[in-house]
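The structure appears right after this line, and notes come after that.
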């Protein structure tokens, strides 16, 4: 049974039994291209629209994860899924054919950590035998919803991030097979007063600092206790800002921090400015790379902290700022 | 949090890299100037073909708008714009791009509610305030002409 310690939940019975990731062409050309289960070359994934293509990404990643766990739809108890599109259509359209009990969730780019911690809670509590966490994002569907048409000649600023075309799916059960989800901290909404739509990293860094600090305090740990502290998509600007915030507390993350947004692309060769972002960015990096490393024991203890900018174009146009959130999930190999 | 929002904002400003203006301004000048040179060439060509200045000017604008729409459709205009910045935004070609790009993109929602409704989503404000300003200018001009002698 889970024990609540402050605002950090501890789990003794939640294992990530299988995981899979599907990405788009640009991500496939990135440094981790060979790690993904499938790279979809066509931006529309053989469908008519980008929204359908995004739904297709979720469908595929969950299919791969279920195949690896040798599970059929009828054996799946619950899915927690989300994406960036209005009404979370990437999830609801992508997963409708599975006929699995479905909970749609939204935490912007932090959604995958949200899904993992909800899934782990349900399994650990014994309510379900297994639970899936699935998220996706698609560069083109996100651009048209949040910014400008794809072929509009607007210039991206150096702080702008590139929404990853990617999806990750993980299935949690009590199988006692590594990786294990050991603890999780639910983030608080942190509004740092950032109003620049093109600086999501800055909007999220405060939330990342807050959640990681609280998690370590509740767990009685320090950065040295983790092989890696993995953030979702702070990008270059957000990562630098988070280091500054930790520095004020005399805490150094040096050599222990990785940001999925900075890893998924080759920023020297691919024109992605401050790095990748999107619900699918950290989901695909976790499911294609980090969870594999934990399963093999190459990483023993990691703190995955996915960050989300809870941005609404309408609120920003009305003069509002961009709140950030971050959820932390501690994953171990033993 | 160990920081106030004001301090945080200052920190964000300090850490966020600015645009590389030593690179962006010359690029905007060269590419924007290049588009104007093409316009000038077309103008001369049309005049050599026997058109008067007014006709040739109009045809030049139309040709540039056509080329911009074509290159937007070929997904080349936005690539050029990533390097050119205001160099592709300011000339008439930029205006054409801002109409064609949403038209292409929102076609997936249908010709009426998609293409038709969203076509002027970027250019709309320019039209509204451009036409409004020209009416005000016209009124002032009219008043001066009538009452100013």
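Chains as they are written, first to last, in the numbering used here: chain A, 8 to 341; chain B, 19 to 167.
The beta-carbon is built from N, C-alpha and C at its ideal position, and this holds for glycine as well.
At least one CB of chain A lies nearer than 8 Å to the CB of residue 95(B).
Of the residues 48(A), 94(A), 102(A), the one whose Cα lies closest to the Cα of residue 83(A) is 102(A).
About 5 Å separates the beta carbons of residue 27(A) and residue 176(A), which is inside the 8 Å limit, making them a contact pair. Against residue 26(B), the close residues of chain A are 199, 200, 201, 209, 212, 213, 248, 252, in the order they occur along the chain (beta-carbon pairs closer than 9 Å). Judged by beta-carbon spacing, residue 42(B) lies beyond the 8 Å limit of residue 64(B), meaning their Cβ atoms are not closer than that value. Out of 153(B), 124(B), 154(B), 155(B), the CA that lies nearest to the CA of residue 140(B) is found in 124(B). Not a single CB atom of chain B sits nearer than 8 Å to the CB of residue 221(A). Less than 8 Å separates the beta-carbon of residue 209(A) from that of residue 245(A). Neighbours of residue 39(A) across chain B, judged by C-beta separation under 8 Å, do not exist; the nearest C-beta is about 25 Å away. When secondary structure is reduced to three states using DSSP, residue 44(B) falls in the helix class. In the three-state reduction of the DSSP assignment, residue 203(A) falls in the coil class, being assigned neither a helical nor a strand state. Its Cα nearest to that of residue 278(A), the residue 97(B) stands out among 106(B), 97(B), 110(B). When CB distances to chain A are screened at a threshold of 9 Å, the residues of the region 36-62 of chain B falling below it are 36, 37, 38, 42, in chain order.
Closest in alpha carbon position to residue 33(B), among 160(A), 289(A), 63(A), 165(A), is 165(A). Spatial neighbours of residue 127(A) in its own chain (CB-CB distance under 7 Å, excluding positions within 5 residues in sequence) are listed in chain order as 18, 21, 179, 188, 191. Chain B places a beta carbon closer than 8 Å to that of residue 160(A), counting this residue as a contact. DSSP lists 237(A), 336(A) as the beta-bridge partner residues of residue 311(A).
The C-beta distance from residue 184(A) to residue 24(A) rounds to 6 Å, short enough to fall under 8 Å. With a cut-off of 8 Å on Cβ pairs, the region 293-303 of chain A is not in contact with the region 202-221 of chain A, counting fewer than three such pairs. Closer than 8 Å to the CB of residue 99(B) there is at least one CB belonging to chain A. In the three-state reduction of the DSSP assignment, residue 131(A) falls in the helix class. Apart from sequence neighbours up to five positions away, the residues of its chain that approach residue 75(B) with a beta-carbon distance below 8 Å are 61, ordered along the chain. At least one CB of chain B lies nearer than 8 Å to the CB of residue 155(A).
Taking 7 Å as the upper bound on Cβ-Cβ separation, chain A lies near residues 103, 106, 107, 112 of the region 102-113 of chain B. Against chain A, the beta carbon of residue 33(B) has neighbours under 8 Å at 209, 244, 247, 248, 251, listed in chain order.
Note that the C-beta distance between residue 91(B) and residue 130(B) is not below 8 Å. When DSSP states are grouped into helix, strand and coil, residue 261(A) belongs to the coil group.
In the DSSP assignment, residue 158(A) is bridged to no other residue. Counting C-beta pairs with one atom in each stretch, the region 118-126 of chain A and the region 148-157 of chain A have fewer than three that are closer than 8 Å, which means they do not touch. Non-local beta-carbon contacts of residue 104(B) in its own chain, meaning distances under 8 Å to residues more than five positions away in sequence, involve 46, 50 in chain order.
Nearest C-alpha to residue 331(A) among 261(A), 316(A), 320(A): 316(A). With a threshold of 8 Å between beta carbons, residue 266(A) makes no contact with chain B.
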